[in-house]
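*Asks:* Supplied in C-alpha cells, the structure appears directly below.
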Amino acid sequence: MAVEKLVSEAEIKKASEVGLVEYLTLIGEPIVAENQKYYRHQDHDSLVINAAKNYFAWNSQGVKGNNPISYLKEVKGFSFPEAVRKINADIEGKDISVFKPEAPSYPLEFEYKVDEVKTTKNITNYLVNERCIAPDIVEMLIESDLIKEDKYKNVVFKWKDSDGKLIGANLQGTYEMPLEKRLKPERAYFKKELPTTEEATYKGFSITIGYPENLFFYEASIDSISYLTLNREKMQNSRLTSMGGLSFETFISNLKTAVQDCEKHGRTIQSINICVDNDDAGRKFVEKVKAFDFEIDGRKIPLNIDLPELPKGHEKWDWNNELKAIVTKKKQLSKGIEID
4 MAVEKLVSEA EIKKASEVGL VEYLTLIGEP IVAENQKYYR HQDHDSLVIN
54 AAKNYFAWNS QGVKGNNPIS YLKEVKGFSF PEAVRKINAD IEGKDISVFK
104 PEAPSYPLEF EYKVDEVKTT KNITNYLVNE RCIAPDIVEM LIESDLIKED
154 KYKNVVFKWK DSDGKLIGAN LQGTYEMPLE KRLKPERAYF KKELPTTEEA
204 TYKGFSITIG YPENLFFYEA SIDSISYLTL NREKMQNSRL TSMGGLSFET
254 FISNLKTAVQ DCEKHGRTIQ SINICVDNDD AGRKFVEKVK AFDFEIDGRK
304 IPLNIDLPEL PKGHEKWDWN NELKAIVTKK KQLSKGIEID
C-alpha cells in the first residue's frame, strides 16, 4: 500500500496564504470578474470566488473553501498533501501575492445609480403577500420616498440622514434566484448595497417615528419593517435602523447620530433595543453589546434585548420569519384549521 508523503506546517502555511484569485489566474483557471469583489468560473456558472475574503463557493456541488488548498481538493480532486505541494511548486519563483484583505475604498460623494420606475406594484406584492408586511406600512414607506421599485423589480431601500438627504441605498430582490446564479447558496434573493461615503457606509436604512428617543437595531431592512408591523403600538418616538448584518460600527455610528439628533430638540435617548436574528451569530452580537455601559450625562440608558423566540428544530429565526409564522397561524385559525 502506498503511503502519501506528509507536508510540513511551513509548507501548509505558505500554500494557504496565497491569494485565491491570483493563484487561479496563474494556473489558467477561466475566471472572470463580475464586480470588484466577486469572480465567476466560466466553465462552472455556479462557482463563485470572493476576492476580498479569499473564499469560493461551488453552489451546484455544495462545496466551498477559503484558500487555494481547499479549491484544489474540492474542485480538482487533489488530496491535501498533493494540493499543498502543487501550490508551492506553482508559485516557486513567481511574483504572486500572499492574501491580504484590501483596504476598503469609498467614494467622496454618494451617487444614486438606480433606474427607478413609476410602478410599485411588484414591490408591494412582494412585501405584502410574500413578506406579510402591513399594506399601510408599505404605502407609508413609498409615500415617504423611503422605498421605491427599480426596473429589475427590486425593492430599493433608501438611506437618508437627519435632514432627509439621500446618503445610500440597498436593493432587495423580489423573486428567488436559481441556485446556480446565487453568490451564496443560502442567499435566495438578490441583495446589493450601493457604494457610498465612508461615514454613510455605517448608517443603513432607517425609519424615524417622532423623535429618535428609543433606538431599535436589526440585521436587515425587511426585519425592521416586519418588527414595525408586529409592534407598531409601542413605536412612538422611535428610530428603527438596519445594520446590514451584525456591524458594531453601524450600531455605534447610529447611536451617536441619535444622541445628536435628540440634543437638537432638547431630548435624550430613552432606550436601546437590540432586535437581531435568534441564531449563534446574533446571540454573540448581543453579548458583545451587553459588555458596554451606555450613559448620557451620568444617566444609564436601558439596554433591551428582543430576539424572536427560536422554534423547536430551528437554528435561526428572524423577525420576518416570526411575522410570517404569526400571519399564517391567524389565517389557519380564521379558517377553523386545528393547530397543534
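Whatever position you read off the sequence shown (first residue = 1), add 3 for our numbering.
Every residue, glycine too, gets a C-beta built ideally from N, C-alpha and C.
1. For the alpha helix (DSSP H) that contains GLU152, what are its first and last residues?
2. Kindly indicate the opening and closing residues of the beta strand (DSSP E) around GLY171.
3. Quick check: what's the CA-CA separation for VAL6 versus PRO84?
4. LYS319 and ASP264 - do their beta-carbons sit closer together than 8 angstroms?
5. Which residue's Cα is closest to the Cα of LYS116: VAL159, LYS97, ALA92, ARG134?
6. So what's ASN217 in DSSP terms, helix, strand or just coil?
7. Can you tell me whether PHE251 is helix, strand or coil according to DSSP?
8. Roughly how many angstroms separate the alpha carbons of THR123 and LYS154, rounded to a whole number?
9. In chain order, what are the residue ranges of uninterrupted beta strand (DSSP E) at least 3 long that sit wholly in the stretch 66 to 121?
10. So, at 8 angstroms on beta carbons, what are the nonlocal neighbours of PRO110 in its own chain, with the 5 sequence-adjacent residues on each side left out?
11. Put LEU182 into one of helix, strand or coil per three-state DSSP.
12. From GLU298 to GLU266, what does the alpha carbon distance come to, in whole angstroms?
13. Could you give the residue range of the beta strand (DSSP E) that holds THR211?
14. Whose CA, out of LYS184, LYS333, ASN323, TYR178, lies closest to the CA of HIS47?
15. Determine the DSSP secondary structure at GLU32, reduced to helix, strand or coil.
16. Quick check on ILE299: does DSSP put it in helix, strand or coil?
*Replies:* On the basis of the data shown:
1. In the sequence shown, counting from the first residue as 1, residue 152 sits at position 149. From DSSP, GLU152 is part of no alpha helix (DSSP H) but of the beta strand (DSSP E) over 150 to 152.
2. Reading the sequence shown from its first residue, position 168 is the one you call residue 171. From DSSP, the beta strand (DSSP E) with GLY171 extends over 169 to 175.
3. For the purposes of this step, residue 6 is taken as residue 3 along the sequence shown, with counting starting at 1. For the purposes of this step, residue 84 is taken as residue 81 along the sequence shown, with counting starting at 1. Summary for VAL6: the model assigns pLDDT 40, below 50, so the residue's position carries little reliability; its value from the coordinates is reported in the next sentence. Roughly 11 angstroms between the two C-alpha positions.
4. Numbered from its first residue, the sequence shown carries residue 264 at position 261. Numbered from its first residue, the sequence shown carries residue 319 at position 316. No. Outside cutoff.
5. In the sequence shown, counting from the first residue as 1, residue 116 sits at position 113. Measuring from the Cα of LYS116, the nearest candidate turns out to be VAL159.
6. Looking up residue 217 in the sequence shown gives position 214. ASN217 falls in the strand class under three-state DSSP.
7. By one-based count along the sequence shown, residue 251 stands at place 248. Of the three classes helix, strand and coil, the one that applies to PHE251 here is helix, per DSSP.
8. Along the sequence shown, one-based indexing puts residue 123 at 120. Along the sequence shown, one-based indexing puts residue 154 at 151. Between THR123 and LYS154, the C-alpha separation is close to 10 angstroms.
9. 66 to 68
10. Taking the first residue of the sequence shown as 1, we reach residue 110 at position 107. Taken in chain order, the residues that qualify are PRO198, THR199, THR200.
11. For the purposes of this step, residue 182 is taken as residue 179 along the sequence shown, with counting starting at 1. In this structure, LEU182 counts as helix in the three-state DSSP scheme.
12. Residue mapping note: residue 298 aligns to position 295 of the sequence shown, counting from 1. Residue mapping note: residue 266 aligns to position 263 of the sequence shown, counting from 1. Approximately 14 angstroms, taken between the alpha carbons.
13. Working through the sequence shown from its first residue, we reach residue 211 at position 208. 209 to 212 is the extent of the beta strand (DSSP E) around THR211.
14. Numbered from its first residue, the sequence shown carries residue 47 at position 44. If we check each option's Cα against that of HIS47, LYS184 comes out closest.
15. The residue given as residue 32 occupies position 29 in the sequence shown. Coil.
16. Taking the sequence shown and counting its residues from 1, the one referred to as residue 299 is at position 296. Note: ILE299 maps to strand in three-state DSSP.
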